[in-house]
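Worksheet for the structure shown next.
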Amino acid sequence: MKFSVRKQIRFHHCDPAGIVFYPQYFYLLHETQEDFLAHIGHPEYELIACGVGVPIVDLKTEFLGMCRYGDEIDISLGLSRIGNASIGMHYEIHSCSSPPDKGQVLKLIATTVVVCSEIPHGKVRPIPDGLRAALQPYLDITKEDKP
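Take the sequence shown: its position 137, counted from the start at 1, is 127 in this note's numbering, and no numbers get skipped.
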């Protein structure tokens, strides 16, 4: 199963040409991670309040096309791996604002690994059982990380 959220490209995402400035995609991906964690009942702010962080330790991105000011996009998030302390995430951004005959167009693919850690020390810790159970339905074994 995948989690999906629709967002609109806003002025602050763009460079002077009206095209999304690439670092802004990383804000959009993190917002999606926060939306996902809230959706599964473990908002990131509550995890942090309990001393648990999920920082990104690896990020790979493939930019496939431009998004522009005013575009609507769908961002999907699925899990490729749930380890003892790490979670592999797979994102896709599709533009919904393409000409109607083209449907949604894939604009970006990203994979991340987040590691469950203690706040404020950053020491790696196992994923809490409740969070692990909530993540499980989103695991897509066809996206399994390969060494």
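Yeah, the Cβ is synthetic: ideal placement off N, Cα and C, and Gly gets one too.
- Per the DSSP secondary-structure output, His32 pairs with nothing in a beta bridge.
- Cβ contact annotation for Glu34 (same chain, cutoff 8 Å, sequence separation greater than five): Gln23, Glu24, Leu27, Ala28, Val44, in chain order.
- Each residue's CA atom was taken as its position, placing Gly55 and Leu96 some 7 Å apart.
- Distances from the alpha-carbon of Pro6 to those of Tyr59, Ile72, Arg115 put Tyr59 closest.
- Met79 has Leu69, Thr102 as its beta-bridge partners, per DSSP.
- By the criterion of a C-beta distance shorter than 6 Å, Ser76 is surrounded in its chain by Val103, Val105, once the five residues flanking it on both sides are discounted.
- Tyr128 places its beta carbon 9 Å or farther from that of Lys(-3).
- Each residue's CA atom was taken as its position, placing Asp48 and Val10 some 22 Å apart.
- About 6 Å separates the Cβ atoms of Leu19 and Ala100, confirming a contact at the 8 Å cut-off.
- Selection Ile117, Pro116, Leu37, Asp64 evaluated against Ser(-6) yields Asp64 as nearest (Cα-Cα).
- Just so you know, the alpha carbons of Gln94 and Glu36 end up roughly 34 Å apart.
- Cα atoms of Asn74 and Gly8: separation of roughly 42 Å, rounded to the nearest angstrom.
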